[in-house]
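Shown next, in structure tokens, is the structure this report addresses.
Chains as they are written, first to last, in our numbering: chain A, -8 to 104; chain B, 1293 to 1405.
In structure tokens, the structure reads:
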């Protein structure tokens, strides 16, 4: 079983829709939960992160973590064509010097004008 | 802004060739990483380094080696390239600290024929 599971999509939505992206994980030691966005032919860039449980909001983006269900979500409100990208979830447990990241396989999102 | 640069965006090599991929970061980060990214498999860690001349194997080190002679530079070496090493290679760097955000380079698309 993979440490992190993510539906690869693709997900196609009309502009203005609410988008929900999700990942599940198996390792209860994970404490950092991250969402990276990767545009075509570019490297991933950090979009949001949360530590432990709860919600975090940043503009049109909301990240949710449910540790009891081992489930994380990223919601995008009022989606825009510029949100079209691959979204990768990533997770990490705490360590002294180095936090290994475990990545999902990514969900490709297409927002149609 | 943190900048991670990779020596080539696209590279085509023949089977059996020795291949060098170079990565440079300009933010004095202690940690550097090499990943490969394949469709459906996400990012898989090849090697990482937490200090100059220090290296640790990741999940898929077979067929690869690394070198870190200077803090800002981390090289990935394919000793004898094979077709199954055709992939997107991503370099990343991070600080050691409370939240080890990884900053990624643009990637090198390597094709081995």
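Built from N, CA and C at the ideal position, the CB exists for glycine as well.
In terms of beta-carbon proximity, residue 12(A) stays away from the interface with chain B, with every pair separated by 8 Å or more. Under a criterion of Cβ atoms nearer than 8 Å, the residues of chain A adjacent to residue 1398(B) are, in order, 32, 33, 34. With contacts defined as CB atoms closer than 8 Å, residue -1(A) and residue 1332(B) qualify as a contacting pair. Counting the other CB atoms within 10 Å of its CB gives residue 48(A) a total below 16, which places it among the exposed residues. Sixteen is the threshold: when 16 or more other Cβ atoms of the shown chains lie within 10 Å of the Cβ of residue 82(A), as they do, the residue is buried.
Taking a Cβ-Cβ threshold of 9 Å, the residues of chain A close to residue 1393(B) are 25, 37, 40, in chain order. The three-state reading of DSSP puts residue 1394(B) in coil, since its state is none of H, G, I, E or B. Interface with chain A (8 Å Cβ-Cβ cutoff): residue 1355(B) is excluded.
Flagged as an interface residue toward chain A: residue 1382(B), by a C-beta distance shorter than 8 Å. Taken atom to atom, the span from the alpha-carbon of residue 1306(B) to that of residue 1370(B) is near 12 Å. Per DSSP, reduced to three states, the secondary structure at residue 1317(B) is strand. Apart from the 5 residues on each side of it in sequence, residue 95(A) sits with its Cβ closer than 8 Å to the Cβ of -5, -4, -3, 14, 79, 80, 81 in its chain, given in chain order. Between residue 76(A) and residue 32(A), the beta carbon gap of about 11 Å keeps them out of contact (Cβ cut-off 8 Å). Note on geometry: alpha-carbon atoms of residue 41(A) and residue 1309(B) lie some 43 Å from one another. The beta carbon of residue 43(A) does not come within 8 Å of any beta carbon belonging to chain B, so the residue lies off that interface.
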